[in-house]
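One structure is given here, and the rest of the page talks about it.
Residue numbers (full-length UniProt numbering): 1 to 126.
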């Protein structure tokens with residue numbers, strides 16, 4: 001189950017508001033980004049949350065991959081996004097693809113700053 005888990009917290013995103021509030025727009029772009037880096041989407045779920053007193057509701061976008069998953073959560077009232085990319089390296093090393101996908105996600109939202117983390121998952125083979 002060796003793999004790579006990448007996370008990014010994006011703050012003060014300068015993208016168009018629709019990227020934070022429109023589940024169809026964000027979802028279609030996520031699927032295209034997955035394909036562009038050479039990963040394989042096998043299912044997807046895009047959900048919009050209702051507006052609150054603070055403004056428009058955010059979106060959760062999840063793309064299940066043959067290699068694992070990508071998931072985003074948006075907070076338009078905060079202009080913030082969390083990104084989660086996990087790939088298992090069972091059938092091959094997908095590390096570069098995961099890093100390329102995270103790079104594309106961060107660039108899509110144009111944050112003023114990010115906090116990114118990388119976690120190697122599973123044990124090394126003996």
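Virtual Cβ for every residue (Gly too), placed ideally from N, Cα, C. Everything numeric in this text was worked out from a predicted model, so none of it was measured.
Cutoff 8 angstroms; reference residue i; Cβ partners in own chain excluding five residues on either side
i	result
residue 102	6, 8, 83, 85 and 116
residue 25	18 and 19
residue 114	8, 9, 10, 11 and 106
Cα-Cα separation, residue i to residue j
i	j	result
residue 99	residue 54	33 angstroms
residue 13	residue 122	33 angstroms
residue 77	residue 1	37 angstroms
residue 88	residue 34	15 angstroms
residue 62	residue 27	8 angstroms
residue 91	residue 39	12 angstroms
residue 96	residue 70	15 angstroms
residue 59	residue 111	17 angstroms
Spatially closest choice to residue i from the options, by CA coordinates
i	options	result
residue 57	22, 112, 70 and 28	22
residue 30	119, 65 and 120	65
residue 42	68, 20, 24 and 36	68
residue 37	73, 94 and 79	94
Same chain, Cβ closer than 6 angstroms to residue i, neighbours up to 5 away in sequence not counted
i	result
residue 118	6
residue 73	60 and 82
Close-in-space but distant-in-sequence residues of the same chain around residue i (CB under 7 angstroms, 5 per side omitted)
i	result
residue 51	57
residue 80	10, 11 and 13
Cβ distance (whole Å) where residue i is taken to contact residue j below 8 angstroms
i	j	result
residue 4	residue 120	6 angstroms
Legend entry - contact_flag[the stretch 44-51, the stretch 103-115] where n(CB pairs < 8 angstroms) is 3 or more: no
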